[in-house]
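Only one structure is covered here, and it is reproduced in the block below.
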Amino acid sequence: MGKPCKKVIIIGGGITGLSAAFYTKKQFDEQQIPVDITLIEKSEELGGKIQTLRKDGFLIERGPDAFLARKLPIITLTKELGLEDELIGTNPNARTNYIYHKNKLHQMPLGLVLGIPTKLTPFMKTGLISPIGKLRASLDLLLPKKKNLEDESLGHFIQRRLGKEVLENITEPLLGGIYAGDTDTLSLQATFPNLVEMEQKYRSLILGMAAGMKNRPTSGDLPDAAKKSMFLTYKNGMSTLIEALKEALKSIRIIKGKGVTKVDQRDNGYQVHLDDQTKLHADGIVFALPNHHAASLLSDVESIHLLEKVNYVSVANVSLTFDKEDISYPMNGTGFLIPANEGTILTACTWSSSKWLHAAPENKYLLRCYVGREKDQQWVKWSDEEILAKVQKDLKDIMGITATPNSYTITRAMHSMPQYPLHHLEQLKKVRENLKAQKPGLFLCGAGYEGVGIPDCVGQGKRAAEQMVAYLAVN
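See the structure below:
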């Protein structure tokens, strides 16, 4: 008599859910345990925020345009999908990034990591920080480390170590593309735990970051592209990853265009209700959903309300195409970031055709502009025409662009950027402990939990799969 077939349901078809499905199938196959996997996605498309528009020779990313090259979960998945040769790094001749400050684009000082200088000479020469601000930042070399290891906000931490100017003029704009959040409320331990460890080990962030740059781990078996570039994408856009996952998951059941309305516990597992009245049985479920959606389906779990403390900010990106002759500004870098105190609608602009040599035809420019911060959500009420006009005004003021773009693509990512509150990791641990005790076989993963980047989401999907296999192997 063979092993009984296990039924696994994965709710959510973004990169986390697809990764969870891929690794669930892979690991059950390796252990020769029969499994029936169903993935449910409420929208009509898989991939979540990852969407590449391929048009007229342009690769226009409507969601993330890259991932950190040295985060192994995404590299491992890329290899397993046979996509290693598709990896491509940033333009090696466009390493400069800029920050807009007092009506001028300032080159970001060499050696800056999250606003922490690893090379003092370029930092001392920058116009981004006043002489008094530089003196305050240098106090990091003398200040004692924090004795109390209780969580604090990211903003409080950077200001405590390096001062208010570094926080407002460098760190906050750098983080804008990652969280679009308020550093005064973001949990340090949930966003950058390595900084906590650095302060404890080296006392000074400047000394710790400099030591970290010297003692960086060797590249090991990283692909060549990852050894040469901090960020990677795929030659035919980020959707390459989603398309490869869909191909690898052709043998599982995928339900699109239907949402989950309720999850009931049964003696023999769980019953999942869809909005078309369909009912599905599951021995285990992965919730690859935003926190508030997961909380609504698990409302009877003790402390589940803690998930709703994670606020989601709305952002938009506006991709513009131009003829090269229409822009006289020297596009000799990857783009620029804008501190919140500059009063612009733009939060950043990526010179995509300079950053990625494969993103546009040779005689064209592709710019990607970003709108939306936690403290600035007024744009949500604007029409596309209003957003475009305000973005063009900022580009004219900053770069002198007066030409009308050949085309534009506006992507509204509503409630898409999770903001980890203080003590987020402690609260998440409590929720998971209660979930394990009250509803065994249910697992949470996604951007709202333990990392917002694509590699973080892939890693969480894989861990959820491992937990599922371990649970169902004995239940």
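Letter by letter, the sequence shown follows residues 1 to 475 of UniProt numbering.
Built from N, CA and C at the ideal position, the CB exists for glycine as well.
In this text the structure is predicted, and so the values were computed from the model without any measurement.
In this structure, the CA atom of THR90 is about 9 angstroms from the CA atom of ALA225.
Counting other Cβ atoms within 10 Å of its Cβ, GLU302 stays below 16 and is therefore classed as exposed.
Contact fails between the segment 52-72 and the segment 435-447, because fewer than three Cβ pairs, one in each stretch, are under 8 angstroms apart.
Straight through space, the alpha carbons of CYS457 and TYR408 are spaced by roughly 29 angstroms. In the DSSP assignment, the residues bridged to PHE67 are LEU232.
Per DSSP, TYR471 is not a residue of any beta strand (DSSP E); the alpha helix (DSSP H) it occupies stretches across 454-472. Under DSSP, LYS102 shares a beta bridge with no residue.
Residue GLN271 holds the alpha-carbon nearest to the alpha-carbon of VAL260 among GLY461, ASP267, GLN271, SER251. Its chain contains GLU308 as the residues whose beta carbon lies nearer than 6 angstroms to that of HIS292, once the 5 sequence neighbours on both sides are disregarded; these appear in chain order. In the DSSP annotation of this structure, LEU428 is not part of any beta strand (DSSP E); the continuous alpha helix (DSSP H) holding it starts and ends at 424-438. Per the coordinates, the alpha-carbon of THR185 lies some 28 angstroms from the alpha-carbon of ARG463. Beta-bridge partners assigned by DSSP to CYS349: PHE336, CYS369. In this structure, DSSP gives GLU44 a state outside helix and strand, which the three-state scheme calls coil. Looking at GLY284, VAL391, THR16, THR350, the one whose alpha-carbon comes closest to that of ASN475 is GLY284. If you compare the alpha carbons of LYS42, LYS25, GLU41, ILE40 with that of PRO34, the shortest gap goes to LYS25.
The beta carbons of ALA465 and GLN32 sit about 16 angstroms from each other, so the pair does not count as a contact at 8 angstroms. Taking 8 angstroms as the upper bound for CB-CB distance, GLN107 and TYR98 are in contact here, some 6 angstroms apart. THR52 has its alpha-carbon roughly 19 angstroms from the corresponding atom of PHE322. Per DSSP, the continuous alpha helix (DSSP H) segment holding LYS79 begins and ends at 72-80.
Annotation: the segment 187-211 contains the following complete segments of the alpha helix (DSSP H) (minimum length 4 residues), in chain order: 188-191, 193-202. DSSP links TYR312 through a beta bridge to PRO418.
Here SER153 carries a strand assignment [DSSP, helix/strand/coil].
For SER319, the beta-bridge partners assigned by DSSP are ARG368, THR409.
In the three-state DSSP reduction, ASN291 falls in the helix class (H, G or I). Going by beta carbons, LEU39 and ILE9 fall inside the 9 angstroms limit.
In the structure shown, the three-state DSSP call for LEU175 is helix. Separation of LEU205 and ARG136 (C-alpha to C-alpha, rounded to the nearest whole angstrom) is 13 angstroms. Rounded to whole angstroms, the gap between the alpha carbons of PRO223 and GLU243 is 21 angstroms. The C-beta of THR402 has fewer than 16 other C-beta atoms within 10 Å across all chains shown, which makes the residue exposed.
For the set TYR370, ILE304, ARG161, the Cα lying nearest the Cα of GLU433 is the one of ILE304.
Under DSSP, GLN31 shares a beta bridge with no residue.
If the five residues before and after THR350 are omitted, its C-beta is found closer than 6 angstroms to the C-beta atoms of GLY335, ARG368, all from its own chain and listed in chain order. Taking a C-beta distance under 9 angstroms as the contact criterion, GLU168 and ASN341 qualify as a contact pair. Annotation for LYS3: ILE33, PRO34 place their beta carbon closer than 7 angstroms to its own, counting only its chain and skipping 5 residues before and after. Its Cα nearest to that of THR240, the residue ILE15 stands out among LEU472, ILE15, ILE158. Short of 6 angstroms from the beta carbon of VAL166, and not among the five residues preceding or following it, lie these beta carbons of its own chain, in chain order: GLY115, ALA137.
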